[in-house]
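Following: one structure in structure tokens, then a few remarks.
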Amino acid sequence: MLVLPPAARAEVSIGIGVSVGFPPPALPVYAQPIAPGPGYIWTPGYWAWDPAYGYYWVPGTWVMPPEIGLLWTPGWWGWSDGFYRWNAGYWGMNVGFYGGVNYGYGYFGTGYSGGYWRGGDFYYNRAVSNVNITNIRNVYVDNTVINNVNVNRVSYNGGRGGIAAQPTAAQRTYGNQRRFQPTSVQTRQREVAMRDPAQRFKTNQGRPAVFATQRAGDFQGPHAVRTPAAANSRMVAAPNRGMVQAPERGRAPVNAPNRGTVQAPERGR
């Protein structure tokens, strides 16, 4: 087994020069924990790689963006020159290309339909985002984004069995705009997952102990979404509060306003 020094392992884990000879596992199906409060943005779970541990699952979680108005473009695995390479996620004014991977809960392969910014407030689409309307009042319902069901758990672009998607002209433009790196809590989420053997594919065979968390780094919290066995071992039942119950949903147009036929508030930054 190849073991790198901590500094090198950290560099690999955050997506600098990561190349793997075989594809990441299929995306697991899991419920979305309820949003902890206004302004939080959902960042979907993903398979990360460490040379010592192999693929491990980084749970999806709710995160405050580094600045008001920013949206999250998820990282994605893509086939290139004989290897599967990791393209790190980032914050920006628009959602860029993320390989066409259907991460669910608004990230259906292109754009983000889980909500949008209007001035300094984030409005949540309750059709795909699990929010409590008691403490989050900026909500709307747009079911048009889940009309086209796409049962697909493939977690990578290109290569054998991979997703055949290419960035649009708009997505290329978004990718060249100013980027903001993952926040410190996002880095902590990944580091906690990497240190937990139960999150590694070689241990869980695609069923990580923790699928998602309400807050980054809090794998033991009452709202963490766990496998039944992991939940029982901690004497805590796995919640199932998600407005949608699986990531296999239809895709929305690239960065579409998603107004559909619902009476969503007028958009604006």
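Here this note's numbering is used: the first residue of the sequence shown is 1, the next is one more, and so on. Built from N, CA and C at the ideal position, the CB exists for glycine as well.
In whole angstroms, what separates the C-alpha of residue i from that of residue j?
| i | j | result |
| --- | --- | --- |
| VAL131 | PRO182 | 23 angstroms |
| SER19 | TRP47 | 13 angstroms |
| ILE228 | GLY45 | Correcting the residue identity first, residue 228 is Pro in this sequence and not Ile. Looking at the two C-alpha atoms, the distance is approximately 18 angstroms. |
| TYR90 | VAL210 | 23 angstroms |
| GLY217 | PRO66 | 17 angstroms |
| TYR116 | THR144 | 15 angstroms |
| ASN152 | ILE133 | 30 angstroms |
| ILE34 | GLY111 | 21 angstroms |
| ASN102 | GLY206 | 17 angstroms |
| ARG160 | ASP121 | 42 angstroms |
Residue i and residue j: beta carbons closer than 8 angstroms?
| i | j | result |
| --- | --- | --- |
| GLY100 | ILE163 | yes |
| TRP53 | PRO25 | According to the sequence as given, residue 53 is Tyr; it is not Trp. Their beta carbons are not under 8 angstroms apart, which means TYR53 does not touch PRO25 by this criterion. |
| VAL58 | ALA193 | yes |
| TRP42 | GLY106 | yes |
| TYR124 | GLY114 | yes |
Since residue i sits in a beta bridge, which residues does DSSP pair it with?
| i | result |
| --- | --- |
| ASN102 | PHE108 |
| ARG126 | For ARG126, which the question treats as bridged, DSSP gives no partner whatsoever. |
| SER68 | The sequence shown places Ile at residue 68, not Ser. Note: ILE68 sits in no beta bridge, so no partner. |
| VAL225 | ALA212 |
| TYR156 | TRP77 |
| SER19 | ARG85 |
| THR43 | THR61 |
| GLY115 | TYR124 |
Compare the C-beta of residue i against all C-beta atoms of chain D and say whether one is closer than 8 angstroms.
| i | result |
| --- | --- |
| TYR56 | Looking at the structure shown, chain D is missing, and only one protein chain is on hand. |
Does the segment 191 to 209 come close enough to the segment 131 to 145 that 3 or more CB-CB pairs lie under 8 angstroms?
no
Using 8 angstroms as the cut-off, can you tell me whether the segment 159 to 171 makes contact with the segment 182 to 190, which would need three or more C-beta pairs spanning the two stretches below that distance?
no
Are there three or more Cβ pairs, one per stretch, closer than 8 angstroms when the segment 214 to 228 is compared with the segment 77 to 84?
no
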